[in-house]
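Asks:
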Amino acid sequence: MSVTASKKDNITYSSLLLGLAALAAAALLLIVGAATETTIKTNNRMDQLEGFNQVIASDSYANDLITDVTHIQLDSNSYAVHRAMDNNGKPVGWAIVTHAQGYAGPIKLLIGVDTSNTILGVRVLSHSETPGLGDKIELAKAEWILSFDQQSLSTLTKTQWAVKKDGGSFDQFTGATITPRAIVHQVHTVLTLISQGQLVERENE
């Protein structure tokens, strides 16, 4: 075999090795990417369930709260209505994701409601409100958000569904009235829409 032919064989062999290495690296990236994507999806699901379970007790429902959802658009707001069902397929409540318009932008809310249209809990999922002022809507910063627990259209009149500055029952924050006012308004709106049959189908009591 000539020197030239030997060099060609070496080049071909090296190219083949490089090609195989590139293929192996690409396959490894695909495997790692798929595993990472699966992990992210699993973590997102766990975070979502953790949020739901703060507004609807985990032992009260037996279905997949994440996938049992209806998306509704009313006026300028959207509602993701997650239905909670017991072992007999009977509704026990709803976890509703919606938005209130805060001072600095939309406030994403999670509102738990039982079949008697009573608030089980409210949580703020995301917001852009001013730190130290409007961020008191977070449970980690203050207990203000817990003031909605067990409230309904029966426990408070329409006038009382407002911050105290507006003659209502809910506290406002010093230097930040718009933020709590927006949340109170949207929670009351959700209860009103449920009572009107626009968000959920309620069984006759």
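When we follow the UniProt record's numbering, the leftmost residue of the sequence shown carries the number 1, and every step to the right adds one. Heads up, the beta-carbon is just placed ideally off N, CA and C, and yes, glycines get one too. Quantities reported herein were computed from a predicted structural model and do not represent experimental measurements.
Give the straight-line distance between the Cα atoms of Glu-205 and Arg-83, rounded to the nearest whole angstrom.
Replies: Because Glu-205 carries a pLDDT of 44, less than 50, the predicted location of this residue cannot be relied on, and no value is offered for it.
Asks: Using only the alpha-carbon positions, how far apart do Lys-158 and Leu-146 sit?
Replies: Using only the alpha carbons, I get a separation of about 19 Å.
Asks: Using a 10 Å radius around the Cβ and a threshold of 16 neighbouring Cβ atoms, would you call Thr-67 buried or exposed?
Replies: Counting Cβ neighbours within 10 Å, Thr-67 comes out exposed, since fewer than 16 surround it.
Asks: Ile-119: which of Ser-60, Glu-201, Phe-173 and Ile-96 sits nearest, CA to CA?
Replies: Comparing Cα positions, the closest option is Ile-96.
Asks: Identify, in the order they occur along the chain, each residue of the same chain with its Cβ nearer than 6 Å to the Cβ of Leu-16, setting aside the five sequence neighbours on each side.
Replies: Excluding residues within five positions, none has a Cβ falling inside 6 Å.
Asks: Measure the Cβ-Cβ separation of Val-184 and Gly-167 and say whether it is below 9 Å.
Replies: No, the Cβ-Cβ distance between Val-184 and Gly-167 is not below 9 Å.
Asks: Which same chain residues, not among the five before or five after Ser-195, have their C-beta less than 7 Å away from its C-beta?
Replies: Excluding sequence neighbours, Ser-195 sits near Asn-117 and Leu-153.
Asks: Within the region 52-126, note down every full beta strand (DSSP E) run reaching 3 residues or more, in order along the chain.
Replies: Counting only runs of 3 or more, we get 69-74, 77-85, 91-101, 106-114 and 119-126.
Asks: Rounded C-beta distance between Asp-114 and Trp-144? I'm assuming under 8 Å.
Replies: 22 Å between Cβ atoms; not a contact.
Asks: Could you name the residues of the same chain whose beta carbon sits closer than 6 Å to that of Ala-182, not counting the 5 residues immediately before and after it, in chain order?
Replies: Only Ala-100, Gln-101 and Gly-102 meet the Cβ criterion.
Asks: Give me the Cα-Cα distance between Gln-186 and Ile-107, rounded to the nearest whole angstrom.
Replies: Straight-line Cα distance between these residues: approximately 10 Å.
Asks: Using the rule of at least 16 other Cβ atoms within 10 Å of the residue's Cβ for burial, across every protein chain shown, is Gly-121 buried or exposed?
Replies: The residue in question, Gly-121, is buried, as its Cβ has 16 or more Cβ neighbours within 10 Å.
Asks: Which of the three DSSP states, helix, strand or coil, is assigned to Ala-176?
Replies: Ala-176 falls in the strand class under three-state DSSP.
Asks: Three-state secondary structure (DSSP) at Val-32?
Replies: Of the three classes helix, strand and coil, the one that applies to Val-32 here is helix, per DSSP.
Asks: Can you say whether Ile-137 is buried or exposed, counting buried as having 16 or more other CB atoms within 10 angstroms of its CB?
Replies: So Ile-137 counts as buried.
Asks: Distance check for Ser-14 and Ala-21, CA to CA, integer angstroms please.
Replies: Distance between the alpha carbons of Ala-21 and Ser-14 is about 10 Å.
Asks: Using a Cβ-Cβ cutoff of less than 7 Å, which residues in the same chain neighbour Leu-156 once the five nearest sequence positions on both sides are dropped?
Replies: Hits under 7 Å: Ser-169.
Asks: Between Leu-193 and Arg-45, what straight-line distance do the alpha-carbon atoms span, to the nearest angstrom?
Replies: Near 28 Å, if we compare the C-alpha coordinates of Arg-45 and Leu-193.
Asks: For Val-124, count neighbouring Cβ atoms within 10 angstroms of its own Cβ and tell me buried if that reaches 16, exposed if not.
Replies: Label assigned to Val-124: buried.
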